[in-house]
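Numbering (my numbering), first residue to last: 1100 to 1690.
Where a beta carbon is used, it is the ideal one built from N, C-alpha and C, also for glycine.
What follows is a short report on a single structure.
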C-alpha cells in the first residue's frame, strides 16, 4: 500500500479532472450529436439519460470502488484486481481485457488524436483559405491516404508527447496535463458553442440561423422513442462517452487512499462528462452545419462520414466563412479542443499497462511508459499505413466496442453476484462524501446486468455482419452486377435533375474532378450525387474499373482478417504475461 500511496494523486481536483478527461474524448463532440440526430433528436435524450442512470452511474460506482479495493492490496491493473475479488483463478484472465483494450484502442486513438494536432497547425498557417468544401474534404482524404509524410510525423509526435507525460507519473504528468487540458477544453468549447448558436442567416454565407440547428437537434420525435435501435444507440453512447469497460478507471482509482471517497468522485466525473457532451458537444457541429448547408445538406454530410466527416472535412471550410482572424481562432479552438479531449483520454490508456509492468515485473515508471509507447507504435502502425483498408475500423470495432461490452458485463456480474452486492455496496459507501441512494444497490444487482446483457445480445447481429464481411461482400456483388449499377445510374440521374444547381456538363468526360471540387456554384448535396454518378458512369463504361474495385475490396477483407489475427495475438500474449506474473507471485508468496 505504501507503493500505491507514494505513486498516488496530488489532489482531489486533479483526480476528478483526470477521470473526467479519461471520459471526455472525441466522441463527445463528434459522435454524440450525430447519434442524437439519427435517433429521434430531442427524444434521444430520454433513453440516453435512462441508460446513464441505470448503466453509466452504476458502472462508474463499480469501477471506482473495485479499483480502490484492488489498490489496497497493491494491485493497479485489472487482471489482479479481479483476481483479488474471488478465489477462482480464471478471473485474472478476464482482467486481461482491461489491459488489452487500452493497448489496442490507444493504437488507433493516438493516430486519430494526431489528426487534430495537424489540423491545429493547418488552421494557424491558413491552409484552407480560399478552398471549397470539396477541396477541404480532399485534404483529409489525401492526409489519411498518406500522400505525404506529414501524417506519420504528427502521429509520432503525439506518441512521444503521450509517452513523455506518462513517464512523469500520475501527479507529475497525467494530473498536470488534466489540469491544463480540461479547463482549456471547456473554454474552447464554450467559445465555439456561443459562436455556433449565434450564427445569423445571411451573414458570411449562412442560410439559416444557428439556433435552427439546435431546434432540429432537440425537437423530439417521440414516434422513435420505443424503437430498440434508439435505446441500443443510447446504451452504446454511454459506453463510448464514459470509458467504462476499459480498465482505465479501475487503474486510476487504485492509486487512491483506502478511505478516499469514490461515490461523489464518480458522480462528479460522470456528470462533468455529461455536461460537456450534452451541452457543449451538441452546440457546435450541428448548428454550424445546418446554418450553412441546411438539413438536407447535413443529412448528406452525415451519410458520407458521420461525425468524423463533419469535424475534419467540413468545419475547416465553414470556419473560413467567418473570415480572417475569427476563422483562424475558431479552427485552433475546435481542433485544440479535440486534441485536449483526445490526449486526456489516451493518457488514461497507458496507466493500466504501466501499473501491470510496475507491480508484476518491478519495472521503473519511465521504462514502463516508454515500453507502452513502443507497443502502441508497433500495433498502431497498421492503422496508419492501411487506414484505407479498414484496419482502423477493425481495431475500433473489436477493441473499442465489443471488448468494452463484454468486460463491463462480466465485471458487473462479478461485483454484484460473486464478490457480493453487500460487500460491493460497502466498498461504494465507505468514505463517501454523499449519501448514495439505496435504490442503486438494487439497480447494480438486477437492472444493470440485465441491461448490459440486452446490449450484448443485440450486438450479435452487428458482430456477425462484421465477422462475415457483409459490407464488403455487398459491394463486391454490386460491382459485379451491371443491372444494379444501371439501376443506380437511373436513380441518381433522376435525383440530379431535381437539383437547381445541376448542369449536364458536370458529368462530361472533359469536366475533371479537380474542376468539380473547385466549383463554388454546386451545393454539397449535389456535389456528392455528382461524385457517385461519375463513378457509376465509369463502372458502366469500363468493366476493368469494376474488376479493380472488386480486387481492392477483396484486399480490404484480407487486411481486416489480418488485423483481427493481430488483435487476438495481442490478447493471448497479454494473457501469457499474466500467467507468468501469477507464477512469479506464487514463487514470491504474494498470492
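For residue i, count neighbouring C-beta atoms within 10 Å of its own C-beta (all shown protein chains included) and say buried if the count is 16 or more, exposed if not.
i            : result
residue 1681 : buried
residue 1424 : exposed
residue 1100 : The pLDDT assigned to residue 1100 is 36, lower than 50, so where the model puts this residue is not dependable; a value taken from the coordinates is nonetheless given after this. Answer is exposed; the Cβ neighbour count stays below 16.
residue 1370 : exposed
residue 1228 : exposed
residue 1432 : buried
residue 1232 : buried
residue 1655 : buried
residue 1554 : buried
What does the alpha-carbon distance come out to for the pair residue i and residue j?
i            : j            : result
residue 1462 : residue 1181 : 22 Å
residue 1581 : residue 1644 : 12 Å
residue 1685 : residue 1179 : 13 Å
residue 1363 : residue 1521 : 19 Å
residue 1356 : residue 1111 : 11 Å
residue 1104 : residue 1472 : Confidence at residue 1104 is low in this model, with a pLDDT of 38, below 50, so the placement of that residue should be treated as unreliable; the coordinate-derived value is given next. When rounded, the distance between both Cα atoms is 25 Å.
residue 1621 : residue 1495 : 34 Å
residue 1470 : residue 1319 : 49 Å
residue 1302 : residue 1384 : 18 Å
residue 1203 : residue 1606 : 43 Å
residue 1361 : residue 1353 : 11 Å
residue 1270 : residue 1113 : 8 Å
residue 1286 : residue 1623 : 31 Å
residue 1192 : residue 1176 : 12 Å
residue 1134 : residue 1380 : 11 Å
residue 1497 : residue 1567 : 14 Å
residue 1401 : residue 1260 : 32 Å
residue 1474 : residue 1556 : 32 Å
residue 1564 : residue 1238 : 31 Å
residue 1220 : residue 1214 : 10 Å
residue 1583 : residue 1296 : 43 Å
residue 1317 : residue 1500 : 26 Å
residue 1679 : residue 1669 : 15 Å
residue 1234 : residue 1637 : 22 Å
residue 1688 : residue 1168 : 20 Å
Under 8 Å, Cβ to Cβ, is there at least one residue of chain B near residue i?
i            : result
residue 1521 : Judged by its chain identifiers, the structure shown contains no chain B, having just a single protein chain.
Taking the CB atoms as reference points, tell me whether residue i and residue j lie closer together than 8 Å.
i            : j            : result
residue 1389 : residue 1290 : no
residue 1658 : residue 1396 : no
residue 1449 : residue 1209 : no
residue 1523 : residue 1515 : yes
residue 1436 : residue 1284 : yes
residue 1217 : residue 1253 : yes
residue 1382 : residue 1313 : yes
residue 1305 : residue 1391 : yes
residue 1346 : residue 1451 : yes
residue 1375 : residue 1127 : yes
residue 1211 : residue 1546 : no
residue 1348 : residue 1507 : no
residue 1588 : residue 1625 : no
residue 1156 : residue 1366 : yes
residue 1236 : residue 1412 : yes
residue 1166 : residue 1351 : yes
Short of 7 Å in beta carbon distance, which residues of its chain neighbour residue i, apart from the five on each side in sequence? Order them along the chain.
i            : result
residue 1102 : Caution is warranted here: a pLDDT of 43 is assigned to residue 1102, below 50, making its placement in the model unreliable, and the coordinate value is therefore given only provisionally. Closer than 7 Å at the Cβ level, and outside the excluded window around residue 1102, lie 1173.
residue 1695 : Outside the shown range of the chain (1100 to 1690) lies residue 1695, about which nothing can therefore be said.
residue 1329 : 1138, 1139, 1143, 1146 and 1323
residue 1594 : 1628
residue 1116 : 1277, 1278 and 1281
Leaving out the 5 sequence neighbours to the left and right, which residues in its chain are closer than 6 Å to residue i when beta-carbon positions are compared?
i            : result
residue 1443 : 1120, 1277 and 1280
residue 1502 : 1196 and 1200
residue 1406 : 1129, 1130 and 1133
residue 1410 : 1129
Does the beta carbon of residue i fall short of 7 Å from some heavy atom of the ligand NAD?
i            : result
residue 1245 : Although the ligand NAD was asked about, the structure shown includes no ligands whatsoever.
Going by beta carbon distance, what residues of the same chain come within less than 8 Å of residue i, once the five residues before and after it are set aside?
i            : result
residue 1265 : 1272, 1273, 1446, 1449, 1450, 1453, 1468, 1471 and 1472
residue 1308 : 1298, 1299, 1300 and 1390
residue 1649 : 1575, 1578 and 1579
residue 1570 : 1564
Q) Is the number of C-beta pairs between the region 1410–1426 and the region 1184–1192 that are closer than 8 Å three or more? A) Touching, no, given that fewer than three Cβ pairs across the two stretches are closer than 8 Å.
Q: Say whether the region 1141–1154 touches the region 1332–1350, bearing in mind that this needs 3 or more beta-carbon pairs closer than 8 Å, one atom from each stretch.
A: Under the three-pair Cβ rule at 8 Å, the region 1141–1154 counts as touching the region 1332–1350.
Q. Does the pairing of the region 1566–1585 with the region 1623–1633 give three or more beta-carbon distances under 8 Å?
A. Counting C-beta pairs closer than 8 Å gives fewer than three between the region 1566–1585 and the region 1623–1633, which falls short of the contact rule.
Q: State whether the region 1509–1518 contacts the region 1669–1679, with contact taken as three or more CB pairs (one from each stretch) at a distance under 8 Å.
A: Contact fails: fewer than three Cβ-Cβ distances are below 8 Å.
Q. Does the pairing of the region 1320–1330 with the region 1131–1142 give three or more beta-carbon distances under 8 Å?
A. Yes: the two stretches touch, three or more of their Cβ pairs being nearer than 8 Å.
**Q.** Cβ contact (3+ pairs, closer than 8 Å) linking the region 1427–1439 and the region 1244–1252
**A.** Judged by Cβ distances under 8 Å, the region 1427–1439 makes no contact with the region 1244–1252, as fewer than three pairs qualify.
Q | Cβ pair count under 8 Å reaching 3, the region 1528–1542 against the region 1153–1165 | A | Yes: at least three Cβ pairs fall under 8 Å.
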